[in-house]
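Below is one structure, written out as C-alpha cells; the observations come after it.
Residue numbers (the numbering used here): -15 to 144.
Listed below in C-alpha cells is the structure:
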C-alpha cells in the first residue's frame, strides 16, 4: 500500500493544497484536484483560487493538463517529456508548435521540492504509518499547520 502526495506550495515553501492518490496511479491524475483545492490567503476578503503562475515537473506534461490550464487562464512553465518532443518532431509541421518554456522561471520550482522536504521532516508523513487514507491526510494537514505556524512565528520574530 503506497501513496502519492500531490502538493502545491507558495514561494515561501509552505504547502497550500494537497491531494493523495494511490502509489501506482500516474502523477497527472492528481493535478486538477490540487489546482481546485488551492486557496491563497489574503489580508482581507476571500482567498484567491488562482495562482499567479504554475510550475510543474515533466510528470504533469500532458495535453489534458495544458488545456486545463489554458481554459482557466493560468500561465504555466512545464517542461515537455522527451518522447513528446520526439513525437512532435516526427510529425513535422503537423506536430504543432511546442509549448513555451522559461528556464529561468523553472528554476523557482525548487520551492515545491523544499515544501516536500519540510513535510517529510515529520516521520509520520515520510513513512506513512497510518493504514487509512483519511488518517494520513489528517497527518499531512497537521504537519502543514505546524509548518505554517513556524513560518508565522519566524515572521513575528523578524519584525520585532
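The C-beta atom is built at its ideal place from N, Cα and C for all residues, glycine as well.
Here the structure is a predicted model, which means the values were calculated and not measured.
The ligand FAD heavy atoms versus the CB of residue i: any closer than 8 Å?
i           : result
residue -12 : Among the components of this structure there are no ligands whatsoever, and the ligand FAD is therefore not found.
Please report how far the alpha carbon of residue i lies from the alpha carbon of residue j, in whole angstroms.
i           : j           : result
residue 141 : residue 46  : 43 Å
residue 22  : residue -1  : 10 Å
residue 104 : residue 43  : 20 Å
residue 90  : residue 4   : 24 Å
residue 78  : residue 69  : 13 Å
residue 86  : residue 94  : 15 Å
residue 13  : residue 49  : 9 Å
residue 6   : residue 143 : 42 Å
residue 38  : residue -5  : 11 Å
residue 107 : residue -3  : 19 Å
residue 18  : residue 76  : 35 Å
residue 71  : residue 52  : 21 Å
residue -11 : residue 62  : 19 Å
residue 138 : residue 67  : 44 Å
residue 58  : residue 35  : 8 Å
residue 15  : residue 41  : 11 Å
residue 82  : residue 54  : 14 Å
residue 117 : residue 24  : 25 Å
residue 134 : residue 56  : 33 Å
So residue i and residue j are in contact, right, with Cβ under 8 Å, and what is the actual spacing, rounded?
i           : j           : result
residue 9   : residue -9  : Actually they are not in contact, since the Cβ atoms of residue 9 and residue -9 sit about 15 Å apart, beyond 8 Å.
residue 102 : residue 64  : Actually they do not touch by this definition, with Cβ atoms about 29 Å apart.
residue 120 : residue -13 : 6 Å
residue 96  : residue 20  : About 17 Å separates the two Cβ atoms, so there is no contact after all.
Among all the DSSP beta bridges, which residues are the ones paired with residue i?
i          : result
residue 3  : -10
residue 24 : 32
residue 39 : 61
Within a Cβ cutoff of 7 Å, which residues of the same chain sit near residue i, ignoring the five residues on either side of it in sequence?
i           : result
residue 126 : none
residue 26  : 32
residue 100 : -9
residue 73  : 79
residue 92  : 39
residue 123 : 108, 109 and 114
So is residue i buried or exposed if we call it buried at 16+ other beta carbons inside 10 Å?
i           : result
residue 60  : buried
residue 128 : buried
With a threshold of 9 Å between beta-carbons, can residue i be considered close to chain C, or not?
i           : result
residue 124 : Looking for chain C here will not work: only one protein chain is present.
Leaving out five residues before and five after residue i in sequence, what residues of the same chain have Cβ atoms less than 6 Å from its Cβ?
i          : result
residue 84 : none
residue 98 : -3
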